[in-house]
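Okay, structure first, notes after.
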Amino acid sequence: MTRAITTVHPDLPTGAATRRAAAMERAFADASVSGWEELVPAIRVPDTGDRHVVAAAVVGRADVIVTSNLKDFPADSLAPYCIEVQSPDTFLLYQLDLAPSRVMRALDRQAAAMRHPQTTLDDVLDRLITCGAPTFAQAA
Numbered sequence: 235m236t237r238a239i240t241t242v243h244p245d246l247p248t249g250a251a252t253r254r255a256a257a258m259e260r261a262f263a264d265a266s267v268s269g270w271e272e273l274v275p276a277i278r279v280p281d282t283g284d285r286h287v288v289a290a291a292v293v294g295r296a297d298v299i300v301t302s303n304l305k306d307f308p309a310d311s312l313a314p315y316c317i318e319v320q321s322p323d324t325f326l327l328y329q330l331d332l333a334p335s336r337v338m339r340a341l342d343r344q345a346a347a348m349r350h351p352q353t354t355l356d357d358v359l360d361r362l363i364t365c366g367a368p369t370f371a372q373a374a
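Structure follows, in structure tokens:
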């Protein structure tokens, strides 16, 4: 996980990336899967570097892969596994529709947890706009 974080955020010091990975693993303890490696050769997606994502989703019994990289996860490649691909914006909109008060509480908690600098709900929503979830941010 640390390697993935430093790939996305190359300026982040290694210690900070390690702490962020540990925090993510604590927050989403059941999101980590193992035993996906043997499935990788059988997965057919346009970018072979993404096969591990589908393999982990299959082993983890995920219904959805959430990614901004929709082109490398075509529906016909995921259909045999009954997995759908959604953009972050679409996924978050579905969550907002399913449980609006729960989503808003989560956003409030996220804003409250960010203290350096002090962050408001509007700040969190503004970041979501720039991170690829503009429709969700406006709806929330």
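The opening position of the sequence shown corresponds to residue 235 in my numbering, with each subsequent residue numbered one higher.
All C-beta atoms in this analysis are idealised placements derived from N, C-alpha and C, irrespective of residue type, glycine included.
With distances taken between CB atoms, is the gap from residue i to residue j smaller than 9 Å?
{"i": "V300", "j": "V279", "result": "no"}
{"i": "Y328", "j": "V292", "result": "no"}
{"i": "D342", "j": "L359", "result": "no"}
Excluding five sequence neighbours on each side, which residues of the same chain lie with their C-beta closer than 8 Å to the C-beta of residue i?
{"i": "H442", "result": "In the structure displayed, the chain extends from 235 to 374; residue 442 sits before or after that span and is not available."}
{"i": "F307", "result": "V279, D284, V287, V288, I299, T301, V319"}
{"i": "R361", "result": "none"}
{"i": "A261", "result": "none"}
{"i": "A309", "result": "E318, V319"}
So, for residue i: in the same chain, excluding its five sequence neighbours on each side, which residues have a beta-carbon less than 7 Å away from its beta-carbon?
{"i": "D357", "result": "A345"}
Give the DSSP-derived three-state secondary structure of residue i in the structure shown.
{"i": "V319", "result": "strand"}
{"i": "R349", "result": "strand"}
{"i": "I363", "result": "helix"}
{"i": "I239", "result": "helix"}
{"i": "A340", "result": "helix"}
{"i": "T324", "result": "helix"}
Which residues in the same chain as residue i place their Cβ atom closer than 6 Å to its Cβ, once the five residues preceding and following it in sequence are excluded?
{"i": "R443", "result": "Here the chain has residues from 235 to 374 only, and residue 443 is not among them."}
Applying the criterion that 16 or more other CB atoms from any shown protein chain within 10 Å of the CB defines a buried residue, is residue i buried or exposed?
{"i": "A340", "result": "exposed"}
{"i": "D297", "result": "exposed"}
{"i": "L312", "result": "buried"}
{"i": "D331", "result": "exposed"}
{"i": "L326", "result": "buried"}
{"i": "A290", "result": "buried"}
{"i": "A367", "result": "buried"}
{"i": "D323", "result": "buried"}
{"i": "A371", "result": "buried"}
Would you verify that the beta carbon of residue i is, or is not, closer than 9 Å to some beta carbon of chain B?
{"i": "A263", "result": "The question asks about chain B, but that chain is absent: this structure has only one protein chain."}
Is residue i close to the ligand MN? I mean its beta-carbon at under 8 Å from any heavy atom of the ligand.
{"i": "M338", "result": "In the structure shown, the ligand MN is absent, as is every other ligand, since no ligand is present at all."}
* To do: Kindly provide the ranges of any beta strand (DSSP E) runs that are 3 or more residues long and lie completely inside the region 242-317, ordered along the chain.
  => Complete beta strand (DSSP E) runs here, min 3: 298-300.
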